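**Q** Numbering (the UniProt record's numbering), first residue to last: 1 to 149.
Pasting in a structure now, in structure tokens, and then I'll have a few things to ask.
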């Protein structure tokens, strides 16, 4: 499986999910692929964790859109405004029970980089993670190339 091969380089994910069962499923599925995953339970905890982390701690965020205190949309809108660019540019994939086109649009409008419907399908989640990580990698490569000129 391509997803498992790619993630074997030790991808680190921050999971923002308030539902214990959904979190357990996501953690179990992702850890089986070699991903290192840490969980927070709402948008406030997610923003705080990103603010306090060392740059490069997480490769991406999996963000539930419906959480207490601060939902995933609000958290996704705040993260790009953090002072440190490495933290502000961390890619975010929305995880939602809503799989309609307007739900995808709302996630992207909030600044998220990908969208996956629940219940989680590991192949679809893997494809979303690979897509986002490859886009992020090409953006970083492009920035580094333009800075070295």
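C-beta: ideal position from N, C-alpha, C; glycine also.
The model shown is predicted, which means the values in this text are computed figures rather than measured ones.
(1) Less than 8 angstroms separating the beta-carbons of residue 56 and residue 86?
(2) Per DSSP, what kind of secondary structure is residue 114 in: helix, strand or coil?
(3) What are the boundary residues of the alpha helix (DSSP H) that residue 86 is part of?
(4) In chain order, what residues of the same chain have a beta carbon less than 6 angstroms from the beta carbon of residue 78, not counting five sequence neighbours either side?
(5) Please give me, in chain order, every unbroken run of the alpha helix (DSSP H) with length at least 4 that falls completely inside the segment 20-104.
(6) Are the CB atoms of residue 43 and residue 74 within a distance shorter than 8 angstroms?
(7) Give the straight-line distance between the Cα atoms of residue 138 and residue 131, rounded to the nearest whole angstrom.
(8) Can you grab the Cα-Cα spacing for the pair residue 15 / residue 141, in whole Å?
(9) Give me the residue from 100, 97, 135 and 99 with the minimum Cα distance to residue 113.
**A** Short version:
(1) For the purposes of this step, residue 56 is taken as residue 56 along the chain shown, with counting starting at 1. For the purposes of this step, residue 86 is taken as residue 86 along the chain shown, with counting starting at 1. Yes.
(2) Within the chain shown, numbered from 1, the residue matching residue 114 stands at position 114. Reduced to three states, the DSSP call for residue 114 is strand.
(3) Here the question's residue 86 lines up with position 86 in the chain shown. From DSSP, the alpha helix (DSSP H) with residue 86 extends over 85-88.
(4) As a first step, residue 78 is located in the chain shown; it is residue number 78 there, counting from the start. Around residue 78: 47.
(5) 20-32, 43-52, 72-78 and 85-88
(6) Taking the chain shown and counting its residues from 1, the one referred to as residue 74 is at position 74. Taking the chain shown and counting its residues from 1, the one referred to as residue 43 is at position 43. Yes; because the gap between Cβ atoms is below 8 angstroms, this pair is in contact.
(7) Numbered from its first residue, the chain shown carries residue 138 at position 138. Numbered from its first residue, the chain shown carries residue 131 at position 131. If you take the alpha carbons of residue 138 and residue 131, they lie about 11 angstroms apart.
(8) Position 15 of the chain shown holds residue 15. Position 141 of the chain shown holds residue 141. Rounded to the nearest angstrom, the two C-alpha atoms are 26 angstroms apart.
(9) Taking the chain shown and counting its residues from 1, the one referred to as residue 113 is at position 113. Considering only alpha carbons, the answer is 135.
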